[in-house]
Each structure stands twice: as C-alpha cells, then as structure tokens.
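Novice: The sequence shown lines up with residues 3 to 127 when you count with my numbering. For glycine and all other residues, C-beta sits at the position ideal for the given N, C-alpha and C. Here the structure is a predicted model, which is why all the values come from computation and not from measurement.
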Amino acid sequence: MIDFQVEELIHRQIIINLTIRTLERERKHLDDLKMKNAFNLWIDKQVKELQQLLREIKSDLGKKGVKIQSEEIDGVFTVYTILDKGKDYERRYSNVALRNWCEEEVKRVLGLEHRDTEDGMKSPG
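1. Apart from the five residues just before and just after G88, which ones in its own chain have a Cβ nearer than 7 Å to its Cβ?
2. By alpha-carbon positions, which one of E10, I17, D5 and K66 ends up nearest to T80?
3. Have a look at Q7 and R14 and give me their C-alpha separation to the nearest angstrom.
4. May I ask you to report which of helix, strand or coil DSSP gives L20?
5. Which runs of the beta strand (DSSP E) fall wholly inside the segment 32–106 and span at least 3 residues, in chain order?
6. Report back the beta-carbon spacing between R29 and N42 to the nearest angstrom; my notes put them in contact at under 8 Å.
7. Is the distance from the Cβ of I22 to the Cβ of L63 below 8 Å?
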C-alpha cells in the first residue's frame with residue numbers, strides 16, 4: 003500500500019496538472035478584458051511556476067518508484083491509474099471534488115485563504 007507522503011504527492015500532482023490546464027483554458031477568455039496583457043503575463047508566470055513544481059513532484063515520485071500512468075474520465079468520476087514499483091493502483095475522484103481542489107489551488111496561487119489536505123484552511127502568505 004502507498005504511504006501517506008506518497009499519497010499526498012500523487013494528489014498534488016493531479017491537482018497541479020489540472021490547475022495548469024485550467025489556467026491555460028481560462029487564458030482564452032482574456033480577450034474581453036481591458037488589461038488582458040497584464041493578466042496574460044500573470045498566467046504565464048503562474049503556469050511556469052506550477053510546471054516547475056509539477057516537475058519536482060514527478061521527480062520525487064519517480065525516486066520512490068511511483069508514476070501516474072493514466073487518467074480515465076466519465077461524466078461523474080475520474081480514475082487515475084498509479085504505478086507503484088510495478089503494481090497498479092487506482093485513485094478515484096469525483097469530478098466535482100477535482101474542480102473544488104483545483105479552485106483551492108488557484109486561490110493559493112492568488113495568495114488567498116485556501117484549503118489544503120493537511121489542516122483545512124491556510125491563510126495567505
């Protein structure tokens with residue numbers, strides 16, 4: 003069975019990957035804003051920082067012999083297949099929960115109060 007620290011890293015990888023994809027998708031809606039160039043620069047900066055964090059998490063998981071193999075999405079759930087030292091495990095998320103965790107990650111990036119898996123709420127900073 004996967005230990006808690008590895009579970010936390012898997013969760014972070016999933017959420018950060020989704021947050022990057024969400025920010026990229028949201029970028030398409032900036033054209034109607036008067037300050038779109040500033041927001042575009044901000045999104046670029048955040049995506050680069052999140053990509054670096056994602057690389058670090060993937061590296062940490064790789065050192066432990068863990069890799070997220072695939073994701074399968076249906077209307078209600080997303081199932082991630084995790085390879086852990088040659089064994090396959092599945093981690094199942096409600097799509098609503100994924101959206102909520104992604105929103106919490108965006109709040110963290112914005113410096114707002116946000117939830118995390120450790121203790122519920124974190125203040126900015």
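Specialist: To lay it out plainly:
1. Scanning its chain for C-beta atoms nearer than 7 Å, with the 5 sequence neighbours on each side dropped, one finds no residue around G88.
2. Checking every option, the nearest Cα to that of T80 belongs to I17.
3. Distance between the alpha carbons of Q7 and R14: 11 Å.
4. Here L20 sits in helix by DSSP.
5. Given a length threshold of 3 residues, each whole run of the beta strand (DSSP E) inside the segment 32–106 is given here in chain order: 68–75, 79–86 and 89–96.
6. About 7 Å separates the beta carbon of R29 from that of N42, a gap short enough to meet the 8 Å contact definition.
7. Taking 8 Å as the cut-off, the beta carbon of I22 is found no closer than this to the beta carbon of L63.
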